[in-house]
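Quick note, the sequences are listed as chains A and B, same order.
Under UniProt numbering, the very last position in the first sequence is 632; numbers go up by exactly one each time.
Under UniProt numbering, the very last position in the second sequence is 632; numbers go up by exactly one each time.
Notes follow the structure.
Number of protein chains: 2
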Amino acid sequence: MLQGLSVDSSGPSFTPLVVVELVSDAKEETIGWLLNKIRDQQHDGGAELLVEQLGPGVGAQEKENPNLFLVGATWQRLLSGAEDVGLFKESTDGSMRAFTCANKHNFKDFGGDGDGFLSMAECQYIIKHELDTLRAKDETHVPGYKQAKLYPGKSIIRRLLSKRILIQIFPLHDKEELKRLSFSWYKKVKLSLQPLDDIRHYYGEGQALYFGFLEYFTFALVPMALFGVPYYLFDWEDYDKYVVFAVFNLIWCTVILELWKRCSASLAYRWGTLSRKKAFEEPRPGFHGVLGFNPVTGREEPLYPNIKRQLRIYLVSLPFVLLCLYLSFCVMMVYFLMEGWALSVYDQEPTFWTGVLLFIPSIIYAVVIEAMNLIYRYAAEFLTEWENHRLESSYQNHLVLKVLVVSVNYYFNFLQNISLATLLITSQILNQFMEAFLPYWLQRRRNKKMIRKVQKRRILEDKELPLAEQVRLEADMSTYLGTFDDYLELFLLFGYVSLFSCVYPLAAVLVVLNNVTEVYSDAFKMCHVFKRPFSDPAANIGVWQLAFEAMSVIAVVTNFALIGLSPQVKTYFSDSETHLILWTVAAEHGLMAFKFILTFLIPDIPKHIQIKLARLEFESLEALKKKVKTTN
Amino acid sequence: MLQGLSVDSSGPSFTPLVVVELVSDAKEETIGWLLNKIRDQQHDGGAELLVEQLGPGVGAQEKENPNLFLVGATWQRLLSGAEDVGLFKESTDGSMRAFTCANKHNFKDFGGDGDGFLSMAECQYIIKHELDTLRAKDETHVPGYKQAKLYPGKSIIRRLLSKRILIQIFPLHDKEELKRLSFSWYKKVKLSLQPLDDIRHYYGEGQALYFGFLEYFTFALVPMALFGVPYYLFDWEDYDKYVVFAVFNLIWCTVILELWKRCSASLAYRWGTLSRKKAFEEPRPGFHGVLGFNPVTGREEPLYPNIKRQLRIYLVSLPFVLLCLYLSFCVMMVYFLMEGWALSVYDQEPTFWTGVLLFIPSIIYAVVIEAMNLIYRYAAEFLTEWENHRLESSYQNHLVLKVLVVSVNYYFNFLQNISLATLLITSQILNQFMEAFLPYWLQRRRNKKMIRKVQKRRILEDKELPLAEQVRLEADMSTYLGTFDDYLELFLLFGYVSLFSCVYPLAAVLVVLNNVTEVYSDAFKMCHVFKRPFSDPAANIGVWQLAFEAMSVIAVVTNFALIGLSPQVKTYFSDSETHLILWTVAAEHGLMAFKFILTFLIPDIPKHIQIKLARLEFESLEALKKKVKTTN
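What follows is the structure, given as structure tokens:
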């Protein structure tokens, strides 16, 4: 599978999987120390991996970074690493089990010495994990850099990254497989679904779940879109129908979110991450603390008191978020004042220039909000990092929560001017193309330049670049920053659909259209614009599930508020405004109760997977009983 | 510990633990078959227990049932039974682990051959479990009773009970221990808490959790009671204060329910039921189906398709409950009509007799509702039994849900006439005394008669009854029907406090008073009125937690509705009713959101127990890895 990438330099030949790039002026001493750490035996605190410097490219005379290192490992090392990270694989009896080297032959597809048992993405994940868990023992600082302090338990890679001695670590693409994947994914015109298993195989579970969710979400919105079209086209005046539509939408939102949990559990079980998350999660690399013993596993790792984290969250982060929320409201108020003033100027003297003046507040507001969001985003990331969460999932949860609380801005903009909706969503589609194709075009130009440069020097038969050039090209590609922004985009779209379904029935149609193009542009981006990301063994879409559910609850409130405000309903209850409000509130409470009962009634995990998980747990407990017996 | 109860008849002497009572005219053939089943080796489908007929009492010449059998077991059998039921005991390293005979010496307090390691309640529970799991193999009917059909997998004991061949199975009291327990529990005047560990030791976890909850609930209500008194006494007209009081109450309700979960988890962990429930629950004895293999454990047990149960629930039980709900509303409507009519009669002609007429509708209504509740309760039990739930917990959940849905009746009565509250709660206290002391008095009379009878025949030195008389006396005591009614009572009281806190601030005081007497009367009942119940290894208060939480959500709605209706608030918003309602609704939504966030933020299980549970799970998974290694 990786034949095309074998290193043709001296030393034991191995398949390069991951690239480590140090700054070009890194000290020899530091490089030697790091390479030794990577090569050292595990019981000496090393990672026991294979590492080799990348040979000079064809354009070596130009100033290019010589400090690119290729990291790989033997199959035995990768298999023992798979055990370390707690990989779940399908066993011969069809259930998913934690892989162990000792019983490797009980696993499906395990043949020979294990070559091909792990996918390339899994190998790269294992190598990343081994590099990340390289922790300082007795060094007080990075050799050669006195200011880069180390203490026992500190992740070496993290310190090198934070001191900018290490530029980046990234996994290599596999051109052959990528070509196959991109063909089945988006290149052929097809009615079939996305190849989720192949995506997972190449990019890992986190990515595959994102694309799975995107696809699921698109299909789930189709009924809402179909219902919405006639409402928009015929502009029915009958408010009953609007209420029916809104109620349908709200219930449908609940149902699709519940069903997604089941889908996601099925996918995660098939991919082995569902039981794995349940088992045990490693601390994230950025986590720091005093080296000690984990109370659950007894393994040596940094410990950080929970109470300190709680204090940081409740005494610093929470007030900060509330302050930002308050600030954004102030900005909105200023905007309203400005707009009122502009309107009054225009009313007094309606000329072209005062007409232009009308747009000024909106533009200023948009710019200010955009800038504030950007700053806030950095602050949120900084704070969440500072809170020092032990688990990646908990870090993500706190970051997403912070960002979402302040995302209400978006909807206030929307609420101001509903007719902007079409513009907003269509602009998003345009945005996608810009995001995906502009970088691709730049990328391509660089690529071509490189090819031309290579062709100058030697004859290139199959237009395939040699490894050194390939690695350098990939090192220059932009880095994919995770699924956060992709989910955020989906979340905002879901908000438009659910919050304003009763006043803007066409939202679902536009979102479906957007999602269809989103699938293609995201797939394209993943394949051609970004460096390959490390796979992320996600078992579900994490805190986003909660965010979507919270949105669907808020949607009940806003929808009924909008129904209550609509002129049709008001004329219906023209005799008494009190009656109108009471009926609206009663209906809202009823629907809310129904929603919660529905959520409660639909099991989150399909029965057959529940049974498989229970069996695993039962077998473990039985094994524990037996184990104590043998040690007795 | 059980020396006072040793059987002094022929055969191998053993400690009698459980009594099995057959009808007095049971056929010899049947008795012989059942005793053989109980005595047979386990691999022959028997229970391998010791069983012996109870000798005739002193009043043997009178017609008394000769078919009373005492069941006991050897310590070895009890220990292997403890392994069967999956008992968790404290191991020498302080954590709770599933007991196994093979590693019995790793458990704390295990000395010698295990005598005294299991409490009497645990032994009785094990014997009950072994009797319950006696299942028919190839018998087509109970020998001697052609009409009592059996099929493979049917519980023999269940069939004998349902055909009234078996009258009852009950565990024996331990007079010595009971005396000690009752002294520390309620006989001494004290400021200390209830001896929960002793209660659990004697009655099992289910009972102990009930008393723990009762105590917790009482203490938790004290702040509400203290806040409520000045509101009642000074009759403050300032509505702000009422709102503050109501909001405090609502938040407090949420907090105490969340904290109880943590308390309950701590207790259940200490008692070994928290991990046990997580591990694996046996099917309830009443569960029937085709004999097959459990997909999780691989053990042979009856199987029943889930889809059939779902159909029964949604197509029969749900419509029935809704119908009953509708009926009870109809009855209420009729009551209102009747009352209106009585009022109009009284208005026209206000004499003594028309004054009496005013009470007639209420009395009729109370009687009808009481009768309907009784019938409904039987129907609910029948339906839930018929739904054929596999687990006792799921049976309980469905039963409680059915009963609670219709319990809204109670509150409608209450809402009609708030001033009745005092009467209602004080009547409940009177009721307790009637419940506890009337049966006790009757019991005592019987007891004295028996003692006199014995004294007639031989001199009784220490007033201690011989075993035969003791067993016969206990057989005649009433049977404790479980904690259902006790929890229901608490639930209704909690409802009064939370639903009407803003209009009736004294409710908490009355409930606290009621609970204090309730502790004593319940303790007294348990010790003196009822047969000893079998212990029930509960890990929490089950569906009642959910019921209390649901009530606290409903309470938010009713409280704000009552605040909105109150005249003080109305005068405050005298200019616009719309504003009043909108503010009320906004405040209600805000509080509801806060409540949910609070519920979400308070972890259900204390951190140190979470770690212990995670460690157990981690060790199990590690053991599973190792296990496959050894079988390899």
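Ideal Cβ placement from N, Cα and C applies to all residues, glycine included.
Under the three-state reduction of DSSP, which class applies to residue 647 of chain A: helix, strand or coil?
Coverage of chain A is limited to positions 1 through 632, which leaves residue 647 of chain A absent and any answer about it impossible.
CB contact check: F618 of chain A to chain B, cutoff 9 Å
Position 618 of the first sequence, counted from the first residue, corresponds to residue 618 of chain A. Yes - at least one Cβ of chain B is within 9 Å of the one on F618 of chain A.
Interfacial residues, the region 302-326 of chain A to chain B, with Cβ spacing under 7 Å
N306
Against chain B, with Cβ distances strictly below 9 Å, would P295 of chain A count as a contact?
Translated into positions along the first sequence, residue 295 of chain A becomes position 295. It does; some Cβ of chain B falls within 9 Å.
Quick one: any contact between the region 297-306 of chain B and the region 351-361 of chain B, if contact means 3 or more CB pairs under 8 Å?
Segments in contact, no.
What residues in the region 582-597 of chain A have a beta carbon less than 8 Å from any beta carbon of chain B?
L582, V585, H589
If the cut is a Cβ gap below 7 Å, which residues of chain B does E577 of chain A touch?
The residue labelled residue 577 of chain A in the question sits at position 577 within the first sequence. Simply T578.
Three or more C-beta pairs closer than 8 Å, one from the region 537-547 of chain A and one from the region 174-183 of chain A: is that the case here?
no
Starting from G228 of chain B and walking both ways along the beta strand (DSSP E), at which residues does that stretch end?
By 1-based counting over the second sequence, the position of residue 228 of chain B is 228. DSSP places G228 of chain B outside any beta strand (DSSP E); the residue lies instead in the alpha helix (DSSP H), whose first and last residues are 205-234.
Looking at the secondary structure, which residues open and close the alpha helix (DSSP H) in which A342 of chain A lies?
Along the first sequence, one-based indexing puts residue 342 of chain A at 342. From DSSP, the alpha helix (DSSP H) with A342 of chain A extends over 318-348.
Which whole-angstrom value describes the C-beta separation of A121 of chain B and F99 of chain B, a residue pair presumed to lie in contact below a C-beta threshold of 8 Å?
Indexing the second sequence from 1 puts residue 121 of chain B at position 121. Indexing the second sequence from 1 puts residue 99 of chain B at position 99. Not really, about 15 Å apart at Cβ, beyond 8 Å.
I need the DSSP call for A148 of chain B, collapsed to helix, strand or coil.
By one-based count along the second sequence, residue 148 of chain B stands at place 148. Correct three-state label for A148 of chain B: strand.
Rounded to whole angstroms, what's the CA-CA distance from Y378 of chain A to H398 of chain A? Just pull it up for me.
Within the first sequence, residue 378 of chain A is the residue found at index 378, counting from 1. Within the first sequence, residue 398 of chain A is the residue found at index 398, counting from 1. Whole-angstrom Cα-Cα distance: 14 Å.
Buried versus exposed call for C330 of chain A [16 or more other C-beta atoms within 10 Å across all chains shown]
Position 330 of the first sequence, counted from the start, is the residue given in the question as residue 330 of chain A. When all chains shown are included, C330 of chain A counts as exposed.
Give the straight-line distance between the Cα atoms of R284 of chain B and D138 of chain A, rounded to the nearest whole angstrom.
Sequence index remark: in the second sequence, residue 284 of chain B carries index 284 (1-based). Sequence index remark: in the first sequence, residue 138 of chain A carries index 138 (1-based). Taking the straight line joining both Cα atoms gives about 59 Å.
Between the Cα of K163 of chain A and those of A:G144, A:V321, A:L178, A:P171, spot the shortest distance and give me the residue it belongs to.
Taking the first sequence and counting its residues from 1, one reaches residue 163 of chain A at position 163. Checking every option, the nearest Cα to that of K163 of chain A belongs to A:G144.
In the DSSP output, what is R309 of chain A paired with across the bridge?
Counting from one through the first sequence, the residue named residue 309 of chain A turns up at place 309. None; R309 of chain A has no bridge partner.
Backbone secondary structure at I605 of chain A - three-state DSSP
Counting from one through the first sequence, the residue named residue 605 of chain A turns up at place 605. Here I605 of chain A sits in coil by DSSP.
Rounded C-beta distance between residue 636 of chain A and C253 of chain A? I'm assuming under 8 Å.
Chain A is shown from 1 up to 632; residue 636 of chain A falls before or after that span and cannot be answered.
Which term fits A586 of chain B, buried or exposed, when burial requires 16 or more other beta carbons within 10 angstroms of its beta carbon?
To locate residue 586 of chain B, count along the second sequence from 1; it is residue 586. That one is exposed.
For a quick check, are the C-beta atoms of L580 of chain A and V503 of chain A less than 9 Å apart?
Here residue 580 of chain A refers to the residue found at position 580 of the first sequence. Here residue 503 of chain A refers to the residue found at position 503 of the first sequence. No, the pair does not count as a contact, with Cβ atoms beyond the cut-off.
Under 8 Å, with one C-beta from each stretch per pair, do the region 506-521 of chain B and the region 217-232 of chain B reach the 3-pair mark?
yes
For Y346 of chain A, which residues in the same chain have their Cβ closer than 8 Å to its Cβ, ignoring the five residues on either side in sequence?
The residue you call residue 346 of chain A lines up with position 346 of the first sequence. Counting only Cβ-Cβ distances below 8 Å, and skipping sequence neighbours, we find T354, G355, L357, L358.
Taking 8 Å as the cut-off, does the region 193-203 of chain A touch the region 243-258 of chain A (at least 3 CB pairs, one atom from each stretch)?
no
Helix, strand or coil for I169 of chain A? Go by DSSP, reduced to three states.
Residue numbering aside, residue 169 of chain A sits at position 169 when the first sequence is read from its first letter. If DSSP states are grouped into helix, strand and coil, I169 of chain A belongs with the strands.
When B:G111, B:F219, B:G206, B:L34 are compared against D132 of chain B, the one with the closest alpha-carbon
On the second sequence, position 132 is the one that residue 132 of chain B refers to. D132 of chain B has its Cα closest to that of B:L34, out of B:G111, B:F219, B:G206, B:L34.
DSSP state of residue 633 of chain B mapped onto helix, strand, coil:
With chain B covering only 1 through 632, there is no way to say anything about residue 633 of chain B.
At least three beta-carbon pairs within less than 8 Å, the region 594-601 of chain A to the region 596-609 of chain B:
no
Identify which residue in A:L50, A:M338, A:G32, A:Q41 has its Cα closest to the Cα of V18 of chain A.
Position 18 of the first sequence, counted from the start, is the residue given in the question as residue 18 of chain A. Comparing Cα positions, the closest option is A:L50.
With a 10 Å radius around its C-beta and 16 neighbouring C-beta atoms as the bar for buried, classify T15 of chain A as buried or exposed.
Position 15 of the first sequence, counted from the start, is the residue given in the question as residue 15 of chain A. Counting Cβ neighbours within 10 Å, T15 of chain A comes out buried, since at least 16 surround it.
So what does residue 639 of chain B bridge to, in DSSP terms?
Residue 639 of chain B cannot be examined here, being either before or after the span of chain B that is shown, 1 to 632.
Which of helix, strand or coil does DSSP assign to R377 of chain B?
Walking along the second sequence from the start, residue 377 of chain B turns up at place 377. In the structure shown, R377 of chain B sits in a helix (DSSP, three-state: H, G or I).
Verify whether the separation of the beta carbon atoms of F484 of chain A and Q348 of chain A is less than 9 Å.
The residue labelled residue 484 of chain A in the question sits at position 484 within the first sequence. The residue labelled residue 348 of chain A in the question sits at position 348 within the first sequence. Taking 9 Å as the Cβ cut-off, F484 of chain A and Q348 of chain A do not qualify as a contacting pair.
Continuous alpha helix (DSSP H) stretch holding V497 of chain A: start and end
Stepping through the first sequence from its first residue, residue 497 of chain A is reached at position 497. Looking at the DSSP string, the run of the alpha helix (DSSP H) that includes V497 of chain A is 484-499.
What's the call for D536 of chain B, buried or exposed, on a 16-neighbour Cβ count within 10 Å?
One-based indexing of the second sequence puts residue 536 of chain B at position 536. Counting Cβ neighbours within 10 Å, D536 of chain B comes out buried, since at least 16 surround it.
Boundaries (first-last residue) of the alpha helix (DSSP H) holding Q41 of chain B
Along the second sequence, read from residue 1 onward, the residue named residue 41 of chain B stands at position 41. Premise fails: Q41 of chain B is in no alpha helix (DSSP H) and is neither H nor E.
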